[in-house]
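> Starting off with a structure, shown below.
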Amino acid sequence: MTKINCLTDADLKSFKDLLLDSEYLDFKSLRFLENSVYLIDCDLLISYNSKVIHQLSHLEQVDYELYLNAWTALTNIVFSLIQQKQNSVASHILNQLLTIDLPQQMAAFKIRIVFLKKLLAYRESGDDREINAYLKSLTEIGLSNLVSELLDYWDSAY
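For the sequence shown, position 157 (counting from the first letter as 1) is numbered 195 according to the working numbering, and the numbering increases by one without interruption.
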């Protein structure tokens, strides 16, 4: 939130090593990942993204909360890549995420993913009509809280 990195270099290195070395992600590592993606460089984000995607089915079977944390981490990773102007990588990951079936109760993640795709398209074209139409349709079906969250993404991307 403050964009100030309070972690020492040694702490950040320990965290990166923990995520890369552990066979399975646990609650603590997923929570830290989802909240610290903005401190991690692009190459490591891509590695973590692959690791999380690879473990999604395992996490879904083991613990639903871990599964939710994994999806939050994935959407945060993509958004961090968008902020780092890594548009092609972010687009590739979003396309990958769109192919994964989500339970109905997690539809908000699919909405976020589609929004991030539209945010990338807006960044490429500068035309905000499609993204505004998407936000309007979400508002019309009663998802104004989610729209507010998506607008925060949009505001902090620029």
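Beta carbons are placed, not taken as given, at the ideal position from N, Cα and C, and that holds for glycine.
According to DSSP, simplified to helix, strand and coil, what is Q99?
The answer is helix: DSSP assigns Q99 an H, G or I state.
> Once the 5 residues before and after S173 are set aside, which same chain residues still bring their CB inside 6 Å of it?
According to the sequence shown, residue 173 is Leu rather than Ser. So the list reads V185, once near-sequence residues are dropped.
> How many Å lie between W109 and F147 at the Cα?
For W109 and F147, the distance between alpha carbons rounds to 7 Å.
> For K89 and L181, what's the separation of their Cα atoms in angstroms?
Computed Cα separation, rounded: 31 Å.
> Would DSSP call E72 helix, strand or coil?
Helix, per DSSP.
> Tell me the start and end of each unbroken alpha helix (DSSP H) in the segment 114 to 154 that is at least 4 residues and wholly inside, in chain order.
Listed in chain order, they are 125 to 136.
> Rounded to a whole number of angstroms, what is the C-alpha to C-alpha distance between Q134 and Y86?
Looking at the two C-alpha atoms, the distance is approximately 14 Å.
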